[in-house]
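Everything below concerns the one structure shown next.
There are 2 protein chains.
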Amino acid sequence: MNIGDVARSTGLPAKTIRYYEDIDLVTPARASNGYREYVEQDVHRLSFIQRARSLGFSIDECRLLLSLYNDKQRASSDVKSLALAKIDEIDRKIEELGSLRSTLKTLADHCHGNSRPDCPILEEMAKGVS
Amino acid sequence: MNIGDVARSTGLPAKTIRYYEDIDLVTPARASNGYREYVEQDVHRLSFIQRARSLGFSIDECRLLLSLYNDKQRASSDVKSLALAKIDEIDRKIEELGSLRSTLKTLADHCHGNSRPDCPILEEMAKGVS
DNA sequence: GCTAGTGGTTCCAGTCACTGGAAGGTCAAG
DNA sequence: CTTGACCTTCCAGTGACTGGAACCACTAGC
């Protein structure tokens, strides 16, 4: 399996797949012509990484998850606590987004929306009333 | 106000504040000794940026958000439509985060979190039931 | 065998938004 | 007058890619 096929089947750009080799995440064999030769297990690891990344895990966290995945003796509690920590992180982001949203909402609600430049809420914000 | 005070009151590292000057986001006056001299308005701008950044807005988006209350010449309708567009963006972000969260939550809930190696979080990432 | 086209290779540079560290200037306290 | 905190600039590195140049390999059609 060449890199292009792997790219198609994992949804990862070839560039990214090469980058993952650079950082020793997935290191395929090489054919006699120098092409990367991916086997099923490589593709599997790459798909795993793709999914973990899209769930917001960092590369280092992916490395950890992969090692947990490959370690048949690992405790599922390790993975669970990692996931729970991520959930906390997400909750914090959502909360902060909500607060910026309400700031902007207040702003929008108090704007006349006409062609004059006056917008008292903006003036207040500029002065420090957040 | 020196950069250290500003760092303490905004929660931004001094390094970052200097970087923001580099990219012309917040450009304080200089004292005779070369020190940066921040006024209240600078601090407020920096706090706003801090908040917006922590919510995933790019520097360029921050520039746009700042223009909401910095441009005295804008029509308030411009302000309003910009704010409303941003709110839509925030809503989309919140929704995405929410779905990420629920995926992780479901997985974590089904994980026993004990010392045995079966773990639905890893299994899901391996299989690709996203 | 020649050529075109696709897909592979390496390497170097750039991106974004910082972050770290060196080398040195400034200031208030003891 | 020294100590130590705080400030300055500049240069380099980070994470996770991404773009591009220059070149090699394979396949299909003529």
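For the record, the sequence lines run as chains V and D. Taking our numbering, the leading residue of the first sequence gets 1, the next gets one more, and so forth. Taking our numbering, the leading residue of the second sequence gets 1001, the next gets one more, and so forth. Backbone N, C-alpha and C fix where the C-beta goes; we use that ideal spot for every residue, glycine too. Keep in mind the model is a prediction, meaning the values are calculated, not measured.
Cutting at 7 Å between CB atoms, please list the residues of its own chain near residue i, excluding the five before and the five after it.
i: V/L12; result: L46, Q50
i: V/E124; result: With a pLDDT of only 47 at V/E124, under 50, the local geometry of the prediction cannot be trusted, and the value read off the model is given with reservation. Taken in chain order, the list of residues that qualify is empty.
i: V/S9; result: V43
i: V/P54; result: According to the sequence as given, residue 54 of chain V is Ser; it is not Pro. There are no such residues.
i: V/G4; result: A14
Interface residues of chain V around residue i at Cβ under 9 Å?
i: D/R1101; result: K86, I87, I90, D91, I94
Using a Cβ cut-off of 7 Å, pull out every chain V residue sitting near residue i, in sequence order please.
i: D/K1080; result: A108, C111, G113
Residue range of the alpha helix (DSSP H) that residue i falls in?
i: V/A7; result: 3-10
i: D/V1079; result: 1076-1109
i: V/Y69; result: 59-70
i: D/D1042; result: 1040-1054
i: D/D1024; result: Segment: none, D/D1024 is in no alpha helix (DSSP H) and carries neither H nor E.
Excluding sequence positions up to five away, which residues of its chain have a Cβ less than 6 Å from the Cβ of residue i?
i: D/Y1038; result: M1001, V1006, P1028
i: D/D1042; result: V1026, P1028
i: V/R18; result: none
i: V/Y20; result: V26
i: V/T16; result: none
i: V/S130; result: With a pLDDT of 44 at V/S130, under the threshold of 50, the modelled position of this residue cannot be trusted, and the question is left open.
Just to make sure I have the definition right: I need the residues of chain D whose C-beta is within less than 9 Å of the C-beta of residue i. Which are they?
i: V/G11; result: Those within 9 Å of V/G11 in chain D number zero; the least Cβ separation is about 10 Å.
i: V/A83; result: L1104, K1105, L1107, A1108, C1111, I1121
Residues of chain D with a CB under 7 Å from the CB of residue i: which are they?
i: V/L132; result: It is not possible to answer for residue 132 of chain V, since the shown part of chain V is limited to 1 through 130.
Quick one: residues in its chain with C-beta nearer than 8 Å to the C-beta of residue i, no 5 flanking neighbours on either side, listed in chain order?
i: D/L1066; result: L1025, R1045, F1048, I1049
i: D/G1056; result: K1093
Next on the checklist: Under 8 Å, with one C-beta from each stretch per pair, do the stretch 1085-1099 of chain D and the stretch 97-109 of chain V reach the 3-pair mark?
Outcome noted: yes
Item to check | Cβ pair count under 8 Å reaching 3, the stretch 23-33 of chain V against the stretch 59-70 of chain V | outcome: yes
Next on the checklist: Quick test of the definition: if touching needs 3 or more C-beta pairs under 8 Å, does the stretch 28-48 of chain V touch the stretch 1082-1091 of chain D?
Outcome noted: Because the criterion of three Cβ pairs below 8 Å is not met, the stretch 28-48 of chain V and the stretch 1082-1091 of chain D do not touch.
Checklist entry - In the stretch 1052-1070 of chain D, which residues sit with their C-beta less than 9 Å from some C-beta in chain V, listed in chain order? => result A1052, S1054, L1055, G1056, F1057, L1065, L1068, Y1069, N1070
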